[in-house]
């Protein structure tokens, strides 16, 4: 059974700081790994998708890496802004579009 | 391109009742998945439909069921509601399996 863990559970940083969010998964037989953000009471917004054959993906100030052999993924956010404040979730896809989610990292960026 | 839409956005029901939630995927997407989000359990997979067939099912009781129509729209039904069914129900669509999934805004269900 796939289990996904995210560290830290919460993070508070000053504006402008670069930061790293960590995600680990127990079963390396994944199709892909996806990062999402969720604002309070809202749905999930897809940030980045890394296919199992890829090592990283970049979108603007975001960079996600994937190391299947060690069961780890990281999300790097450069030059953080107050608008980046949200809960960040990673999810591993195992079979048939089934995503297993971590508990999330609640990020607060202070002006 | 319109995103994933879910209706209704909010629902209040009482124990024992049943409820039907609706999800319209992004145009052209054939895979629709449903998730339940609660503070205690986080996000949990309910089931996935592709071309009107349920291909994958999570560990939920039979009170939770779904279906998909020929236009890829999907409905989820919960019968004999319990207090613990109070949650945010999220629908996601993708072109096909192993593709990026896009989520709707969710339906907030409160069971009294």
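Residue numbers (the working numbering), protein chains in the order written: chain G, 1 to 111; chain L, 112 to 223. Where a beta carbon is used, it is the ideal one built from N, C-alpha and C, also for glycine.
Check                                                                                                                                  : Outcome
Three-state secondary structure assigned by DSSP to residue 71 of chain G                                                              : coil
Partner residues on chain L for residue 93 of chain G, Cβ-Cβ distance less than 7 Å                                                    : 209
Within chain L, partners of residue 53 of chain G - CB distance below 7 Å                                                              : Ordered by position in chain L, no residue passes the 7 Å Cβ test against residue 53 of chain G, which lies about 11 Å from the chain.
Chain-ordered neighbours of residue 103 of chain G on chain L, where CB pairs are closer than 7 Å                                      : 153
Integer-rounded CB distance, given that residue 188 of chain L should sit under 8 Å from residue 149 of chain L                        : About 19 Å; that fails the 8 Å criterion.
Within the segment 153-182 of chain L, ranges of the alpha helix (DSSP H) (whole runs, at least 4 residues)                            : none
Selected residue, minimal CA-CA separation from residue 182 of chain L, among L:163, L:124, L:197 and L:121                            : L:163
The segment 21-38 of chain G in contact with the segment 76-88 of chain G per 3-pair CB rule at 8 Å                                    : yes
3-residue-minimum beta strand (DSSP E) runs that sit fully inside the segment 20-94 of chain G, ordered along the chain                : 32-38, 44-51, 56-59, 62-67, 72-77 and 86-93
Neighbourhood of residue 14 of chain G by C-beta distance below 7 Å, restricted to the same chain and skipping five residues each side : 110
Selection from L:135, L:126 and L:127 that minimises the alpha carbon distance to residue 113 of chain L                               : L:135
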